[in-house]
Amino acid sequence: MSYKPFLITLLVFVLAACGGAKNIKGSNTANNNLSVKNILATHEAASPNFETMAARVLVAYEDSDKSQSITVSLRMEKDKTIWVKASVLGITLAKVLITPTSVSYYETIGNTYFEGDFALLSEWLGTDIDFQKAQSILLGQSIFRLNASAYTSTVQNNTYKLFPKQQPANFIHSVFLNPENFKVASETLSQPNDKRLLSVRYGDYQMVENNFFPSEVVINTTEADEKTKIDIVYRNIDLNVSISFPFTIPDGYDEIQLN
């Protein structure tokens, strides 16, 4: 049995989970006259204001070979640490610890671990990932920092669609923002020459302490003929609570080697 799908489930979950906004004045209807500069400024202002977060999340994974679901604990200290633990009946199955400089992971099913930089996440997701990009997705912000001079916008299906004025041949990016809160409704990154696609779609947003968080996130990834779907449903979210990030790789585990 291969445990790579289980590992991808956890790592992709870390890169696509929750979003938020605070004191954003929006509308139920997208405004055709709103400038790109104003749209992006409001999107930046929609980034949530908190120090720590703790959540329980149901994650369902599906590919061409199998499907599985598991409940995980997510903890986050903004700009510093992302921590994920998967467990069943109180027994830890895996943990992930991400900081701005490193990624650490271990799983108890196959007794394997990884310690290093973001190369593991980047390889399996098919796009370069770092801490800031991971955190941006977790907070419902765009994966990339959007420059008003380089992007244009249009209203499509009552959302603000933003895309580069000049799309590189092998790097096609677009992001759709909700008009009511300027949080990401969906975002896609395509690399057609490499047959890679990353798509993140957020469900309805819920309010938690003046911050908007989604009730559901759906991630679809494609690389060549391999397709993966991750469905994330939030059970509860607590902000600014006392948390810790326990992480120790057990003795006797085998290190995961990148190709």
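Note that our numbering has the sequence shown beginning at 430, numbered continuously upward. Glycine is no exception: its CB is placed at the ideal position from the N, C-alpha and C atoms. What you are looking at is a predicted structure, and each value in this text was computed from that prediction instead of being measured.
Exercise. Does DSSP put residue 520 in a helix, in a strand, or in coil?
Worked result: Within the sequence shown, the letter at position 91 stands for residue 520. Strand.
Problem set entry | Neighbourhood of residue 662 by C-beta, 6 Å cutoff - its chain only, sequence neighbours within 5 removed | Taking the first residue of the sequence shown as 1, we reach residue 662 at position 233. Excluding sequence neighbours, residue 662 sits near 487, 645.
Exercise. Mind pulling the alpha helix (DSSP H) runs of 4 or more residues that sit fully within the region 539-621?
Worked result: 548-554, 560-567
Exercise. Could you give the distance in angstroms between the alpha-carbon of residue 648 and the alpha-carbon of residue 616?
Worked result: As a first step, residue 648 must be located in the sequence shown, where it is residue number 219. As a first step, residue 616 must be located in the sequence shown, where it is residue number 187. Residue 648 and residue 616: Cα-Cα distance of roughly 10 Å.
For this session: Select from 573, 566, 625, 651 the residue whose C-alpha is nearest the C-alpha of residue 491.
Result: Here residue 491 is taken as the residue at index 62 of the sequence shown, counted from 1. Out of 573, 566, 625, 651, 651 has the C-alpha closest to the C-alpha of residue 491.
For this session: Give the secondary structure of residue 685 by DSSP, where H, G and I count as helix, E and B as strand, and everything else as coil.
Result: The sequence position of residue 685 within the sequence shown is 256, counting from 1. Residue 685: coil per DSSP, three-state reduction.
For this session: List the residues that DSSP assigns as beta-bridge partners of residue 637.
Result: Your numbering for residue 637 matches position 208 in the sequence shown. DSSP lists 640 as partners of residue 637.
Exercise. So is residue 675 buried or exposed if we call it buried at 16+ other beta carbons inside 10 Å?
Worked result: By one-based count along the sequence shown, residue 675 stands at place 246. Label assigned to residue 675: exposed.
Problem set entry | beta strand (DSSP E) segments (min. 3 residues) lying fully within the region 468-507 | 481-492, 496-506
Problem set entry | Span of the beta strand (DSSP E) around residue 671 | To locate residue 671, count along the sequence shown from 1; it is residue 242. Segment: none, residue 671 is in no beta strand (DSSP E) and carries neither H nor E.
For this session: Classify residue 670 as buried or exposed, calling it buried when 16 or more other Cβ atoms lie within 10 Å of its own Cβ.
Result: On the sequence shown, residue 670 is found 241 positions in, with the first residue counted as 1. Residue 670 is exposed by the Cβ-count criterion.
Exercise. When the Cα atoms are used, what is the spatial distance from residue 618 to residue 489?
Worked result: Position 189 of the sequence shown holds residue 618. Position 60 of the sequence shown holds residue 489. Rounded to whole angstroms, residue 618 to residue 489 spans 22 Å at the Cα level.
Problem set entry | Exposed unless 16 or more other CB atoms sit within 10 angstroms - verdict on residue 574 | Numbered from 1 along the sequence shown, position 145 holds the residue referred to as residue 574. Exposed, since its Cβ has fewer than 16 Cβ neighbours within 10 Å.
Problem set entry | DSSP state of residue 514 mapped onto helix, strand, coil | One-based indexing of the sequence shown puts residue 514 at position 85. Note: residue 514 maps to strand in three-state DSSP.
For this session: Indicate whether the contact test is met: 3 or more Cβ pairs, each with one atom in the region 566-582 and one in the region 464-474, closer than 8 Å.
Result: yes
Problem set entry | Option nearest residue 535 by Cα separation, candidates 659, 630, 516 | On the sequence shown, position 106 is the one that residue 535 refers to. Minimum Cα distance to residue 535 is reached at 516.
For this session: Go ahead and pull the three-state DSSP assignment for residue 623.
Result: Counting from 1 along the sequence shown, the entry for residue 623 is found at position 194. Residue 623 falls in the helix class under three-state DSSP.
Exercise. With C-beta atoms as the reference, is residue 658 less than 8 Å away from residue 631?
Worked result: Residue numbering aside, residue 658 sits at position 229 when the sequence shown is read from its first letter. Residue numbering aside, residue 631 sits at position 202 when the sequence shown is read from its first letter. The answer is no: Cβ separation not under 8 Å.
For this session: Determine, using beta carbons only, whether residue 560 and residue 521 come nearer to each other than 8 Å.
Result: Sequence index remark: in the sequence shown, residue 560 carries index 131 (1-based). Sequence index remark: in the sequence shown, residue 521 carries index 92 (1-based). Not in contact: residue 560 and residue 521 (Cβ atoms no closer than 8 Å).
Problem set entry | Stretch-stretch touch, CB-based, cutoff 8 Å, three pairs: the region 598-614 with the region 623-643 | yes
Exercise. Going by other Cβ atoms of all chains shown within 10 Å of its Cβ, with 16 needed for buried, is residue 607 buried or exposed?
Worked result: Position 178 of the sequence shown, counted from the start, is the residue given in the question as residue 607. Counting Cβ neighbours within 10 Å, residue 607 comes out buried, since at least 16 surround it.
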